[in-house]
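K.L.:
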Amino acid sequence: MEDNRILELYWKRSETAITRTAEKYGRFCQTISYNILHNREDVEECVNDTWLNAWNSIPPHYPNRLSAYLGKITRNLSINRFKSYSAGKRGGGQAALALSELSDCVPAAGGVEEAVEEMFLVDAIEMFLYGLTEQKRHIFIQRYWYLTPVKEIARIYGMSESKITSTLFRLRRELKEHLEKEGIVL
1469 MEDNRILELY WKRSETAITR TAEKYGRFCQ TISYNILHNR EDVEECVNDT
1519 WLNAWNSIPP HYPNRLSAYL GKITRNLSIN RFKSYSAGKR GGGQAALALS
1569 ELSDCVPAAG GVEEAVEEMF LVDAIEMFLY GLTEQKRHIF IQRYWYLTPV
1619 KEIARIYGMS ESKITSTLFR LRRELKEHLE KEGIVL
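Take a look at the structure:
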């Protein structure tokens, strides 16, 4: 079913919207959540919470890309659940590891101007990503948005883990340089 038809079901408050959403985006959202949590029960709860959040937020929101909207909800729910657990006990440490890799590239939060600074940061990161080759952009997004383990990224792209690791290292360095050129304080 097309996304615009699914969104129409949400706007009509038809419970079929959730069924159609789960059919089309269930595996997508499960993958995002599993890459963060590595626990099937927690993944199932987060994905079910994604459908509830979508139901409660559409309307009034009308997302341009339903997949991105659902992916963001799933990711945020999963990260929040991950934060509530100790990284050593659950999740295999992938979320903490991937986020710590970016710690030198992203400024610390805080201050009254945080929202404005975040807008500039988002714009600068988008400019950086669109300046990359498609493959590098996908590798970066797989690692730092979907929190996919390096081993899995290597398998997806038919590369060695060391090649992916060195590519990510160079991309983080390039991102840091790009953000500094844009005047974003790290």
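FYI, the numbering for the sequence shown is 1469 to 1654, going by the numbering used here.
For every residue, glycine included, the Cβ atom is placed at its ideal position computed from N, Cα and C.
1) Apart from the five residues just before and just after S1546, which ones in its own chain have a Cβ nearer than 6 Å to its Cβ?
2) Could you give the first and the last residue of the continuous alpha helix (DSSP H) run that contains R1611?
3) With 16 other CB atoms within 10 Å as the buried threshold, where does V1653 fall?
4) Nearest to T1601 by CA position, among A1622, E1569, E1629 and T1635, is which residue?
5) If you draw a straight line from the alpha carbon of D1517 to that of L1477, how long is it in whole angstroms?
6) Where do the N-terminal and C-terminal ends of the alpha helix (DSSP H) with L1545 fall, by residue?
7) Say whether the segment 1522 to 1531 touches the segment 1632 to 1652, bearing in mind that this needs 3 or more beta-carbon pairs closer than 8 Å, one atom from each stretch.
8) Quick check on G1539: buried or exposed, where buried means 16 or more other Cβ atoms within 10 Å of its Cβ?
9) How far does the alpha helix (DSSP H) with H1506 in it extend, from its first residue to its last?
P.N.:
To lay it out plainly:
1) S1501, I1504, L1505 and C1514
2) E1602 to Y1612
3) exposed
4) T1635
5) 18 Å
6) L1534 to S1552
7) no
8) buried
9) Looking at the DSSP string, H1506 is not in any alpha helix (DSSP H), and its letter there is neither H nor E.
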